[in-house]
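Residue numbers (the working numbering): 1431 to 1615.
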């Protein structure tokens, strides 16, 4: 589905928890920086927007590649919009009176519906490259820092519910599955 407006890509279906092995393993590094990569990035932004998300990793649309996109507010309410190819994550020390960690609700497009409290660093940075292979960094606070960490987890094959106690994870997965017992494909 092509969406009018902000992103000129094609929205792809979101992979749900347990439905595709690519969601549950570390993603492959990107080695080709071509038009296909640029189209994938546009499709990822379109997919994230269509699903009303604030971040999306490539494996969430079934693509085995170390890429994520973000469009999420930081602690000051400023939108952090961007993407990173082959990212690495650095949790940063707090600045001034910032907390080192923040516990807030987190959700995931691949586990549609439920949210759970999860601790994350308040400030984080990712370093990687852009669509041409040139270095870039995104540093963020608050929810945007949470999003950076959440998407990096996806690229390592970890979904946020995997970080929760087993009983909480099973309850959230059952809630996401609904009365039919299966997550939407």
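Ideal Cβ placement from N, Cα and C applies to all residues, glycine included. Keep in mind the model is a prediction, meaning the values are calculated, not measured.
Residue i vs residue j beta-carbon contact at 7 Å
| i | j | result |
| --- | --- | --- |
| residue 1447 | residue 1589 | yes |
| residue 1515 | residue 1559 | yes |
| residue 1472 | residue 1438 | yes |
| residue 1570 | residue 1504 | yes |
| residue 1552 | residue 1535 | no |
Distance, residue j Cα to residue i Cα
| i | j | result |
| --- | --- | --- |
| residue 1465 | residue 1497 | 15 Å |
| residue 1470 | residue 1537 | 23 Å |
| residue 1467 | residue 1519 | 21 Å |
| residue 1550 | residue 1513 | 20 Å |
| residue 1584 | residue 1574 | 15 Å |
| residue 1606 | residue 1530 | 31 Å |
| residue 1442 | residue 1491 | 6 Å |
| residue 1586 | residue 1462 | 20 Å |
| residue 1599 | residue 1542 | 13 Å |
| residue 1435 | residue 1458 | In this predicted model, residue 1435 has a pLDDT of only 49, less than 50, meaning its place in the structure is not dependable enough to derive any value. |
| residue 1567 | residue 1449 | 32 Å |
| residue 1523 | residue 1478 | 29 Å |
| residue 1507 | residue 1576 | 14 Å |
| residue 1561 | residue 1451 | 26 Å |
| residue 1608 | residue 1455 | 25 Å |
Neighbourhood of residue i by C-beta distance below 6 Å, restricted to the same chain and skipping five residues each side
| i | result |
| --- | --- |
| residue 1596 | none |
| residue 1474 | 1486 and 1499 |
| residue 1563 | 1463 |
| residue 1544 | 1602, 1605 and 1606 |
| residue 1517 | 1556 and 1558 |
Opening and closing residue of the alpha helix (DSSP H) in which residue i lies
| i | result |
| --- | --- |
| residue 1475 | 1465 to 1480 |
| residue 1572 | 1572 to 1585 |
Segment limits, beta strand (DSSP E) that includes residue i
| i | result |
| --- | --- |
| residue 1536 | 1531 to 1538 |
| residue 1605 | No beta strand (DSSP E) contains residue 1605, which is instead part of the alpha helix (DSSP H) from 1596 to 1607. |
| residue 1500 | 1497 to 1503 |
| residue 1516 | 1509 to 1521 |
| residue 1593 | Neither: residue 1593 is in no beta strand (DSSP E) and is coded neither H nor E. |
| residue 1545 | 1541 to 1551 |
| residue 1486 | 1485 to 1487 |
Whole-angstrom C-beta distance between residue j and residue i, which should lie under 8 Å
| i | j | result |
| --- | --- | --- |
| residue 1591 | residue 1603 | 6 Å |
| residue 1493 | residue 1501 | Not quite, the Cβ-Cβ distance comes to about 18 Å (not below 8 Å), so this is no contact. |
| residue 1430 | residue 1495 | A query on residue 1430 cannot be resolved here, the shown segment of the chain reaching from 1431 to 1615 and no further. |
| residue 1521 | residue 1554 | 5 Å |
8 Å CB neighbourhood of residue i in its chain, flanking five on each side removed
| i | result |
| --- | --- |
| residue 1594 | 1546, 1548 and 1602 |
| residue 1433 | Below a pLDDT of 50, predicted positions are generally treated as unreliable, and residue 1433, at 41, falls in that range; the measurement from the model is reported next regardless. Correct list, in chain order: 1439, 1441, 1476, 1479 and 1480. |
| residue 1565 | 1557, 1558 and 1559 |
Neighbourhood of residue i by C-beta distance below 7 Å, restricted to the same chain and skipping five residues each side
| i | result |
| --- | --- |
| residue 1540 | 1444, 1445, 1446, 1447, 1453, 1490 and 1589 |
| residue 1581 | 1485, 1487, 1498 and 1500 |
| residue 1483 | 1539 |
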